Amino acid sequence: MKPTGNPHPNDRIAIPTIVALSIAVPIAVACLFLLPESWKLQWGSANVRSLPFFHAVLNGSTAVLLAVAYGMIKTKNVALHRLANVMAFTLSAVFLVSYVISHLSNPDAHFGGEGWIRPVYFFILISHILLSVPVLPLAMLSIYRAWNNQIAAHKALVKWTFPIWMYVAITGVLVYVFMAPYYPVA
1498 MKPTGNPHPN
1508 DRIAIPTIVA
1518 LSIAVPIAVA
1528 CLFLLPESWK
1538 LQWGSANVRS
1548 LPFFHAVLNG
1558 STAVLLAVAY
1568 GMIKTKNVAL
1578 HRLANVMAFT
1588 LSAVFLVSYV
1598 ISHLSNPDAH
1608 FGGEGWIRPV
1618 YFFILISHIL
1628 LSVPVLPLAM
1638 LSIYRAWNNQ
1648 IAAHKALVKW
1658 TFPIWMYVAI
1668 TGVLVYVFMA
1678 PYYPVA
């Protein structure tokens, strides 16, 4: 994808920041799966076992907000389009923090389904994981371009951002639905 429009004066700071976060966050999340169980955090009486359900709610809400944002821009309601996107991004950020807390605190759950459902689940899970990586830079850059009134660049980006982000949000809910019977009981 070639850049469109003129660079913004803030690009010198914003673009390296977006790139750094886009590299650091997936590496940090990947490292969570390498931690031994003995390094898991103890939260005392706090119940963090219900976080997978919370994550599904966040992902589902993100998908709804993305659909609202899409509808709002189609009706030329830029203010609500922006609000819905900022809310979707905020929920995604809350999800990310909560996901890290969940994986630092809970034992790993493993899918126990058998038969035809197993490859379906793993296809959804693997595609969800792989496509979640570009969501962060695409979403940040899309929002940044729109906020700086670089609408041509924003439109070029969201042709990729919207479908990938929507897919990740919806499959996040599906992963929870598949995994719900296998999460440890609180």
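In terms of our numbering, the sequence shown opens at residue 1498 and continues consecutively. For every residue, glycine included, the Cβ atom is placed at its ideal position computed from N, Cα and C. Just so you know, these numbers come straight off a predicted model, no measurement behind them.
Coil, strand or helix - residue i by DSSP
| i | result |
| --- | --- |
| G1669 | helix |
| W1613 | coil |
| M1498 | Since pLDDT at M1498 reaches only 48, below the 50 mark, its modelled position is unreliable, and no value is offered. |
| T1572 | coil |
| N1556 | helix |
| A1606 | coil |
| S1629 | helix |
| S1547 | coil |
| H1651 | helix |
| Y1567 | helix |
| P1513 | helix |
Cut-off 8 Å between Cβ atoms - residues of its own chain near residue i, not counting five sequence neighbours on either side
| i | result |
| --- | --- |
| N1645 | H1505 and N1507 |
Boundaries (first-last residue) of the alpha helix (DSSP H) holding residue i
| i | result |
| --- | --- |
| L1601 | V1575 to S1602 |
| L1531 | First-last for L1531: undefined, no H or E at that position. |
Closest by C-alpha distance to residue i, when choosing among the options
| i | options | result |
| --- | --- | --- |
| I1598 | A1677, I1515 and A1525 | A1525 |
| L1588 | P1681, A1653 and T1559 | T1559 |
| A1581 | V1561, A1650 and K1573 | V1561 |
| V1594 | A1511, R1509, V1522 and V1672 | V1522 |
| P1681 | H1600, A1649 and L1531 | H1600 |
| I1648 | G1568, R1579 and F1551 | R1579 |
Contact set for residue i: own chain, Cβ-Cβ below 6 Å, skip 5 residues either direction
| i | result |
| --- | --- |
| V1670 | A1553, N1556 and G1557 |
| V1565 | A1581 |
| F1675 | Y1618 |
| Y1673 | P1549 and A1553 |
Residues of its chain near residue i, where Cβ-Cβ distance is below 7 Å and the 5 sequence neighbours each way are ignored
| i | result |
| --- | --- |
| H1651 | S1639, R1642 and A1643 |
| L1654 | L1635, L1638, S1639 and R1642 |
- [ ] Indicate whether the contact test is met: 3 or more Cβ pairs, each with one atom in the stretch 1513-1525 and one in the stretch 1629-1646, closer than 8 Å.
- [x] yes
- [ ] State whether the stretch 1660-1669 contacts the stretch 1620-1628, with contact taken as three or more CB pairs (one from each stretch) at a distance under 8 Å.
- [x] yes
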